[in-house]
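Visitor:
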Amino acid sequence: VPTYLSYGIPTALLFGVLIPFGRMSSDSELIAMRACGISVRNLLPPVLALGLLATGVTGYLTFEVEPGSREKLKAMIRNLSRHDGLIQSGACRNVGNRTFFVDSVGTDECPLRGILIGDFSDPRRSAYISAECAELKGDPKSPLLTIQLRKGSIHLADRDSDRYRKIRFQSMDTHLDLGTYLNPGRRIRQMPTAELFEVRRRLANGEPAGVLDSDPEWKVPTQIHRRFAFPLASLALAILALPLGIRPVRTGRSWGAVVALGLTALFWGLFSFGEKAGDNGLLPAWISMW
Numbered sequence: 003v004p005t006y007l008s009y010g011i012p013t014a015l016l017f018g019v020l021i022p023f024g025r026m027s028s029d030s031e032l033i034a035m036r037a038c039g040i041s042v043r044n045l046l047p048p049v050l051a052l053g054l055l056a057t058g059v060t061g062y063l064t065f066e067v068e069p070g071s072r073e074k075l076k077a078m079i080r081n082l083s084r085h086d087g088l089i090q091s092g093a094c095r096n097v098g099n100r101t102f103f104v105d106s107v108g109t110d111e112c113p114l115r116g117i118l119i120g121d122f123s124d125p126r127r128s129a130y131i132s133a134e135c136a137e138l139k140g141d142p143k144s145p146l147l148t149i150q151l152r153k154g155s156i157h158l159a160d161r162d163s164d165r166y167r168k169i170r171f172q173s174m175d176t177h178l179d180l181g182t183y184l185n186p187g188r189r190i191r192q193m194p195t196a197e198l199f200e201v202r203r204r205l206a207n208g209e210p211a212g213v214l215d216s217d218p219e220w221k222v223p224t225q226i227h228r229r230f231a232f233p234l235a236s237l238a239l240a241i242l243a244l245p246l247g248i249r250p251v252r253t254g255r256s257w258g259a260v261v262a263l264g265l266t267a268l269f270w271g272l273f274s275f276g277e278k279a280g281d282n283g284l285l286p287a288w289i290s291m292w
């Protein structure tokens, strides 16, 4: 929600400036204002005030709320993975290429009773695991969820033949990778701004950053420039919308909304393209984001 809200505020401001000024222009109210001695420059202060206000709110979302919300979302998923809430009794859950079914919730000695796991990751054969008891174990710092199974069997069936194998076990651990849901490849976007500057300082001095994992180093300056450029979009769009809105047009009262739609698509399309180019190292951060 904070991420979409930071996009929504500049867009709403753009529509809020273009539509009323476009309506005033199509109704010839701007001509009447000039005839009364009110200059077009008098329209600029309220637009700038709204632009600065939107810039401040979007800056707070971009610098503080959005990184914190991403970190809390990952923490919530990790916390969920350590409880039975991930796999509910009497319901099938699909996670990746696996399907889980738990018959009932048991006691502390046997938290989950009657578990069935269908594994379809191998296109050559199907694998089904059944166990009397199961328990979930999760590490807060790891995207892997360990499922400890007891008193069960593994059933393997080749899809192109009649071969079938059954393996009994007393205890077995299987792992579930929640990396797709935890999104570990975007750790830099979760970092607080002060931590980002510290990582950039370490990289500039040749020191190990220690927190980047799979993220390339060039994403650090791209993310820093993004957090400064993104909030200023509100001010830039507001200033750009004013001259477009007061243009004399005779194409109808919906002209402002049409221009706002086109300008929104163009602006955020270019912004997303620049962010992808910076994240992939195709352009320097100060060019891609500004």
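The opening position of the sequence shown corresponds to residue 3 in the numbering used here, with each subsequent residue numbered one higher. C-beta atoms are modelled at their ideal positions from N, C-alpha and C, and glycine is treated no differently.
Is DSSP giving I289 helix, strand or coil here?
Guide: In this structure, I289 counts as helix in the three-state DSSP scheme.
Visitor: If you check the beta carbons only, do M291 and R228 fall under 7 Å apart?
Guide: For M291 and R228, yes; Cβs fall inside 7 Å.
Visitor: Just to confirm my understanding: we take L237, look at its own chain, exclude 5 residues before and 5 after, and list those with CB closer than 7 Å. What are they?
Guide: Hits under 7 Å: G53, L54, T57.
Visitor: Which whole-angstrom value is the C-beta distance of A231 and I21, which I expect to be below 8 Å?
Guide: Not really, about 26 Å apart at Cβ, beyond 8 Å.
Visitor: Need the endpoints of the alpha helix (DSSP H) that T5 sits in, please.
Guide: Its alpha helix (DSSP H) spans residues 4-28.
Visitor: Quick check on this structure: which residue in S155, A37, S28, T60 has the alpha carbon closest to the alpha carbon of G10?
Guide: Cα-wise, what sits closest to G10 is T60.
Visitor: Checking the sheet assignment: what are the DSSP bridge partners for I137?
Guide: Here the sequence assigns Glu to residue 137, which means Ile is not the residue at that position. DSSP output for E137 lists Q150 as bridge partner(s).
Visitor: State buried or exposed for G187, treating a residue as buried only when at least 16 other CB atoms are found within 10 Å of its CB.
Guide: Per-residue confidence for G187 stands at a pLDDT of 44, beneath the threshold of 50, marking its modelled position as unreliable; the derived number appears in the next sentence. Its Cβ having fewer than 16 others within 10 Å, G187 is exposed.
Visitor: What does a CB cutoff of less than 8 Å around R100 pick up in its chain, not counting 5 residues either side in sequence?
Guide: For R100, where only same-chain residues beyond five positions count, the Cβ hits under 8 Å are I119, G120, D121, F122, S123, L178.
Visitor: By the three-class DSSP mapping on this structure, what secondary structure does L45 have?
Guide: DSSP places L45 in helix when its eight states are reduced to three.
Visitor: Hey, could you find the ends of the beta strand (DSSP E) S236 is sitting in?
Guide: That residue, S236, is in no beta strand (DSSP E); its alpha helix (DSSP H) goes 221-247.
Visitor: Does the beta-carbon of R165 have 16 or more other beta-carbons within 10 angstroms, so that it is buried, or is it exposed?
Guide: Classification of R165: exposed, given that the 10 Å Cβ count is below 16.
Visitor: Quick check on Y170: buried or exposed, where buried means 16 or more other Cβ atoms within 10 Å of its Cβ?
Guide: Correcting the residue identity first, residue 170 is Arg in this sequence and not Tyr. R170 is exposed by the Cβ-count criterion.
Visitor: CA-CA distance, E66 and R167?
Guide: For E66 and R167, the distance between alpha carbons rounds to 55 Å.
Visitor: Please report the distance separating the alpha-carbon of A34 from that of L242.
Guide: Between A34 and L242, the C-alpha separation is close to 23 Å.
Visitor: Would you call the CB atoms of A133 and I156 closer than 7 Å?
Guide: No. Outside cutoff.
Visitor: With F199 as the anchor, note down where its alpha helix (DSSP H) starts and where it stops.
Guide: It spans 195-206 - the alpha helix (DSSP H) in which F199 sits, taken as one unbroken run.
Visitor: Going by DSSP, which residues form a beta bridge with G264?
Guide: For G264, which the question treats as bridged, DSSP gives no partner whatsoever.
Visitor: Give me, in chain order, the residues of the same chain whose beta-carbon lies closer than 8 Å to that of L285; leave out the 5 immediate sequence neighbours on both sides.
Guide: Closer than 8 Å at Cβ, skipping near neighbours: G276, A279.
Visitor: Just the C-alpha distance for N282 and L272, rounded to the nearest angstrom, thanks.
Guide: So the alpha carbons of these two residues sit roughly 15 Å apart.
Visitor: Taking the CB atoms as reference points, tell me whether R127 and R161 lie closer together than 7 Å.
Guide: The answer is yes: Cβ separation under 7 Å.
Visitor: Three-state secondary structure (DSSP) at F171?
Guide: Strand, per DSSP.
Visitor: How is the alpha helix (DSSP H) around I33 delimited, first residue to last?
Guide: That run of the alpha helix (DSSP H) goes 31-37.
Visitor: Just to confirm my understanding: we take R72, look at its own chain, exclude 5 residues before and 5 after, and list those with CB closer than 7 Å. What are they?
Guide: Closer than 7 Å at Cβ, skipping near neighbours: R191, Q192.
Visitor: Along the chain, where does the beta strand (DSSP E) containing C112 start, and where does it finish?
Guide: Element bounds for C112: n/a, residue is neither H nor E.
Visitor: Between the C-alpha atoms of A240 and K221, what's the straight-line distance to the nearest angstrom?
Guide: Roughly 29 Å separates the two Cα atoms.
Visitor: Measure from the alpha carbon of F269 to the alpha carbon of each residue in V260, A235, S30, then state which is nearest.
Guide: With distances taken between Cα atoms, F269 lies closest to A235.
Visitor: Hey, out of R249, T266, W288, K139, whose CA is closest to T13's CA?
Guide: Nearest of R249, T266, W288, K139 to T13, Cα basis: T266.
Visitor: What residue does the beta strand (DSSP E) around R95 start on, and which one ends it?
Guide: Element bounds for R95: 94-97.
Visitor: From G208 to V201, what distance separates their C-alpha atoms?
Guide: The alpha-carbon atoms of G208 and V201 are separated by roughly 11 Å.
Visitor: Mapping the DSSP letters down to three states, classify D121 as helix, strand or coil.
Guide: Looking at D121 - three-state DSSP - the assignment turns out to be strand.
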